[in-house]
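Numbered by my numbering, the letters in the sequence shown go through residues 1286 to 1542 in order.
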Amino acid sequence: MRTLDTYDAIGRSYSTRRQPDPRLAARLDALIGDSTVLNVGAGTGSYEPVRSGVVAVEPSTVMLSQRPPSAAPGVRAVAEVLPFQDQAFDVVLAILTVHHWKNQRRGLEECARVAQDRVVILTWDPAAEGFWLTRDYFPEILGIDLRIFPSMELLRAVFGRIDVQPLAIPCDCIDGFLGAYWQRPEAYLDEEVRAGISAFSRLANIGPQLQRLERDLASGNWERRNAELRHRADLDVGYRLVMAERRRAELPNERCS
């Protein structure tokens, strides 16, 4: 699932840097409904329903230790080997986690196996173009993300027909993932902000890129290149909500979209 040494290192204060945004949570809740849920790659519990009938799977003890008392019970396991019977849960949830799995196809197949009704995934689409941060300052991140995030073709190969919905990110998103600060470029200069974004932990030296961003902010170059973003309430930077209906997928002669 996740690379354990990465999350054991950056995850120690993850629960304070990464808080669920209520608008994104509402989109997810609409897809989950009042169902039993397995949250795979659950981390500290962001976007996880707070009620009975929910179980979390997470391989990192550091992340599990930060789950609040109100969170669902956590099981230490990996996506590729889920310790549950077939169709044990109505819904399987995977939030910004598939790109951390060692064997994505196997993990997705396991999600399909234990889901009775549907699998809901929040991910980033490698067919997207990214945004100014990865385009102008950190193309290395874009290059890595293009390799590690699951393609829509892979998801279709595993699940059959899928419903793919763009997830525009609010300009004041309170969750601190990579694309959350697209309208607040100064945030990426903050070490505490970067510590909650796994993409930065994959780069050996980010000093020159940060210096260039800082210079561009001071000189107004960033503003001149991205002035139109100041008028946007939200932006599609490539995040996608993917839903795979398991009962529909099991119908005979169903053709994939």
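C-beta atoms are modelled at their ideal positions from N, C-alpha and C, and glycine is treated no differently. Treat the numbers as computed from the prediction; the structure is a model and nothing was measured.
What's the gap between the Cα of residue i and the Cα of residue j?
i: A1480; j: G1328; result: 15 Å
i: D1519; j: S1483; result: 23 Å
i: L1502; j: P1353; result: 38 Å
i: W1409; j: A1465; result: 13 Å
i: V1322; j: V1399; result: 10 Å
i: R1336; j: D1319; result: 9 Å
i: P1358; j: G1338; result: 10 Å
i: V1366; j: Q1401; result: 17 Å
i: V1405; j: Y1473; result: 29 Å
i: L1313; j: L1440; result: 18 Å
i: S1350; j: V1383; result: 21 Å
Starting from the C-beta of residue i, find all residues in its chain whose C-beta is less than 7 Å away, skip the five residues before and the five after it, and write them out in chain order.
i: Q1450; result: R1525 and L1526
Going by C-alpha to C-alpha distance, which of the options sits closest to residue i?
i: V1360; options: A1442, A1315 and P1344; result: P1344
i: A1311; options: A1453, R1469 and W1507; result: A1453
i: A1362; options: V1340, A1356 and Q1468; result: V1340
i: R1517; options: A1356, Y1332, L1367 and Q1468; result: Q1468
i: A1364; options: S1350, T1346, K1387 and A1356; result: K1387
i: L1495; options: R1441, P1424, A1379 and V1347; result: P1424
i: D1371; options: M1348, S1350, A1397 and V1383; result: A1397
i: L1316; options: G1445, D1375, V1443 and L1440; result: D1375
i: Y1422; options: W1507, R1308, R1531 and D1306; result: W1507
In chain order, what residues of the same chain have a beta carbon less than 6 Å from the beta carbon of residue i, not counting five sequence neighbours either side?
i: E1411; result: It is Pro, not Glu, that sits at residue 1411 in the sequence shown. Excluding residues within five positions, the ones whose Cβ falls inside 6 Å are L1431, F1434 and S1436.
i: W1417; result: N1511
i: R1392; result: Here residue 1392 turns out to be Gly, not Arg, going by the sequence shown. Taken in chain order, the residues that qualify are A1364, E1365 and W1386.
i: A1373; result: V1399
Going by beta carbon distance, what residues of the same chain come within less than 8 Å of residue i, once the five residues before and after it are set aside?
i: E1414; result: R1420 and G1523
i: Q1304; result: S1331, I1459, D1460 and G1461
Considering only heavy atoms of the ligand GDP, does any lie closer than 6 Å to the CB of residue i?
i: R1469; result: Of the ligands one can find in the structure shown there are none, so the ligand GDP has no counterpart to examine.
Using 10 angstroms around the beta-carbon of residue i, count the other beta-carbons present and answer buried if the total reaches 16, otherwise exposed.
i: D1460; result: buried
i: G1428; result: exposed
i: D1475; result: exposed
i: R1509; result: exposed
i: R1445; result: The sequence given here has Gly at residue 1445, not Arg. Under this definition G1445 is a buried residue.
i: P1368; result: exposed
i: P1470; result: buried
Practice problem: Kindly provide the ranges of any alpha helix (DSSP H) runs that are 4 or more residues long and lie completely inside the stretch 1463 to 1510, ordered along the chain. | Solution: 1476 to 1480, 1483 to 1486 and 1492 to 1504
Self-check item: Secondary structure, alpha helix (DSSP H): runs of 4+ residues fully inside the stretch 1370 to 1429
Solution: 1389 to 1399
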